[in-house]
């Protein structure tokens, strides 16, 4: 997706600036580096909705006292291969990598390891956390719940977040398989893009506040709701709902975080509900060691074959080859490392305002 | 779904008959009981496509030498929480419960346990295996790959099975949450039902052999293919494809079973490809101990709240409440235990022919 009026910003300059901003927000040095790294990974992979474009949202949550910039993370290992992290109101950009590190240590011991996280906040792209497994030749997994925007199948009420699932699988010579998907038919970022260019959205993405079908890109802002993957009863909306529900249960109910309609909203101008059953929002991360199932070299050979065979699928349109999940993001990563990150004018203005307020000008 | 011309058959009589049939196929007594139990669970839960209606298909695979009725299951524990089962050509109705039992033992030790299975065959409903975790207050997980019928998003080639994912989560006083879903927009059973009643299928379920959109219920039989959950590019078909791919990698590539287009077909009249990279088809099963993340009583209280709150979602149609995954199957289970299992005429005829051939008449 190309926008008009973009500025190309070098990745290293943006990273340096971001780290200072997090320091100005009273993050520790290690946490500032970690938080900046997660946002940078999103921008480098081309997931523009989840990178620096979100920075002002996180800052407003710090200012509202809902993100704790100096959390005391409390990890409890409850079994040999499982544990719980009480995140003390941390930003998810910090708590989820911490938890994944614990999960990787348990995977080293047991072949698999899992951590549930409560009292956290938005964790950026799910892929960051799952992909931490890849250098170890482990398979990584991550989920999070999020602000309720999606209705269950057959419902007309915001009950679930766009609740992503990420699975990252290492290969041999081929790049890793990385599936990172929202469980809604379309994430809210897609509605925002359509709204910006004043185009209707496809039927099957959203309902109005009263449950009518709609192609209005502003439906969500006008009190409507997103539909689960599958969109309608004929096309398996109960499956997308089931996946989003699974993520909600693993991220929220299993860890003592909030769940369903009680998940605290990302936007600081909406207050969390007073009757919350849990703490903050939750994530669930973990890993499997490939060698726990099969000799690594054999797996790598077959995983490369899998990727090559699927890439060679007979395409529906001869000029559009079938994509292996994660491949476009990997290519974008390489390009943006070299050529810089394109930022749209609105984001640049946003970052300039942040830089001014925190006395660290944005002029990379 | 009600069909005309159904016979009501008592569950216990059907189970007894099934066990003898498996014995006549040279299964051991324990394996006959196990295989019958998985088929009965499907019929009791109302998953008619995966119960005794499949019996003749399994028998043809035994007769073709593709299912080994006397397998030597070889389990290798490779890590504390992970292992591999070489199933020696077993029916999946036997190998998957065996593997899940090993996974549950590792879960008892470590809080989580996982087994990958190779050289297996069709394992019935995924829910059976995942639900084995529930009596232990563990969360169960199961996947399998299957005969290639589904095209990747943007493709026009049968590359994936309907590759189900099942997650079974215990609750407190409420029934368990059981998500058991094919990763295609619609499973082939749904096309067969439409074909039987001579109705068109919705657009978005299938493509013709040449990749055209179709509403022809016979499309699959005429060489066409199923579409992944999401159906098209606008509605997230890349997500359904990604989920099916994940299942294929975990069930096949991770365990040395076949994957993608090489998965051996369920129907005995189609031969497995000569260039198979693996053995048989594969499954992946495992569990997490709830207590590995949070005190069980707290989890049960919140899981009950989750279920009650989602059941109370504002419905789209006032007479159709939102469904919690697994609830309709649980209700059907209770009804069918008491009132018997309705079998359509074609299935009754099929079972009668089996009974005659194996000298154990079907007249329950």
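Protein chains in written order, with my numbering: chain A, -17 to 346; chain B, -17 to 346.
Every residue gets a Cβ at the ideal spot worked out from N, C-alpha and C, and that includes glycine.
- Residue 121/B holds the alpha-carbon nearest to the alpha-carbon of residue 235/A among 301/B, 121/B and 141/B.
- Taking residue 193/A as the centre and dropping the five residues before and after it, the same chain places the C-beta of 138 closer than 7 Å to its C-beta, in chain order.
- Nearest CB-CB separation between residue 237/A and chain B: below the 8 Å threshold.
- Assigned with DSSP and collapsed to three states, residue 34/B falls in helix.
- Secondary structure of residue 101/B (DSSP, three-state): strand.
- Sequence-distant Cβ neighbours of residue 262/B in its own chain, meaning closer than 8 Å and more than five residues away, are 69, 71, 100, 101, 102, 103, 239, 240 and 246.
- Unbroken alpha helix (DSSP H) runs of no fewer than 4 residues, entirely contained in the stretch 51 to 137 of chain B, are found at 74 to 92 and 108 to 113, following chain order.
- Under DSSP, the beta-bridge partners assigned to residue 265/B are 99/B and 126/B.
- Around the beta carbon of residue 133/B, 16 or more other beta carbons sit within 10 angstroms, so the residue counts as buried.
- Interface residue (Cβ-Cβ distance to chain A less than 8 Å): residue 175/B is not classified as such.
- The residues 65 and 66, in chain order, have a CB closer than 7 Å to that of residue 58/A in the same chain once the five nearest residues on each side in sequence are set aside.
- Its Cα nearest to that of residue 52/B, the residue 12/B stands out among 119/B, 243/B, 12/B and 328/B.
- In the three-state reduction of the DSSP assignment, residue 232/B falls in the helix class, which pools H, G and I.
- Residue 142/B is bridged by DSSP to 132/B.
- Secondary structure of residue 248/B (DSSP, three-state): coil.
- For residue 325/B, the uninterrupted beta strand (DSSP E) segment begins and ends at 323 to 326.
- No Cβ-Cβ contact shorter than 8 Å links residue 113/B with residue 130/B.
- Assigned with DSSP and collapsed to three states, residue 297/A falls in strand.
- At least one C-beta of chain B is nearer than 8 Å to the C-beta of residue 212/A.
- Residue 316/A counts as exposed, since fewer than 16 other C-beta atoms from the protein chains shown sit within 10 angstroms of its C-beta.
- Counting C-beta pairs closer than 8 Å gives fewer than three between the stretch 153 to 171 of chain A and the stretch 316 to 333 of chain B, which falls short of the contact rule.
- Judged by DSSP in its simplified three-state form, residue -11/A adopts strand.
- Around the C-beta of residue 313/B, fewer than 16 other C-beta atoms lie within 10 Å, and the residue is accordingly described as exposed.
- Look at the beta carbons and you see the stretch 83 to 102 of chain A touching the stretch 82 to 94 of chain B: at least three pairs across the two are nearer than 8 Å.
- Around residue -11/A, the same chain offers 325 and 330 as residues with beta carbons nearer than 6 Å, after the five sequence neighbours per side are excluded.
- Residue 149/A is positioned such that its CB atom lies closer than 8 Å to that of residue 123/A.
- DSSP places residue 161/A in the strand class (E or B) of the three-state scheme.
- A direct Cα-to-Cα measurement between residue 243/B and residue 229/B gives close to 14 Å.
- Scanning chain A for C-beta atoms nearer than 7 Å to the C-beta of residue 224/B yields 161, 163 and 307, reported in chain order.
- Within chain B, not a single residue places a beta-carbon under 7 Å from that of residue -1/A; the smallest gap is close to 33 Å.
- Ranked by Cα distance from residue 118/A, the options 26/A, 270/A and 164/A are led by 270/A.
- With a 10 Å radius around the Cβ and a threshold of 16 neighbouring Cβ atoms, residue 237/A comes out buried.
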